[in-house]
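Down below is the structure, laid out as structure tokens.
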Amino acid sequence: AMDKRCQMLEANILDERTLRRGLVIEATDASKSKDQFQDELMEVRHQLNAAKLDVECLTSEKTTVEALLKAHREREQQLLASAAAIKDGCSNQDQELLQMQTLLNDEREAMANQVADLHLSHEATRLHYEAVVEQWSM
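Residue numbers for the sequence shown follow my numbering, so the first one is 97 and each next one is one higher.
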């Protein structure tokens, strides 16, 4: 009976050792799996942080580009307004120049007519006085 009992106890001890070994292996595998999962989690966190930094960088660049674009559009509007003002000024100057040319041409014609009238008047007066001088000389 004692031998049987010893054998049973030894069988129980052997079963428990086998179970413990299984549990140790299971715990070791679980620990390795946990460590691997933590490593993967850290890698994902690093990638997420890198992605967040990329997003922040891109957001900052987007803001900068938007500000530059707004400034460029404002400058373009200023240049267009300035060009329109210059064009209007040139147009006004062209009109004034045409008016001046027309006025000068009219004055030239008037002066040419006056000169022609003076030549005719001079010729008539000269002929008249020549006739008067001839009458006195006789």
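Ideal Cβ positions, reconstructed from N, Cα and C, are used throughout, including at glycine.
Looking only at its own chain, which residues have a Cβ that is under 7 Å from the Cβ of residue i, when we skip the five neighbours before and after it?
i, result
"leucine 110", "none"
Which same chain residues, not among the five before or five after residue i, have their C-beta less than 6 Å away from its C-beta?
i, result
"threonine 153", "Residue identity check: residue 153 is cysteine in the sequence provided, not threonine. So no residue of the chain qualifies."
- request: Would you list, in sequence order, the uninterrupted alpha helix (DSSP H) runs of no fewer than 4 residues that lie entirely inside the region 135-199?
  value: none
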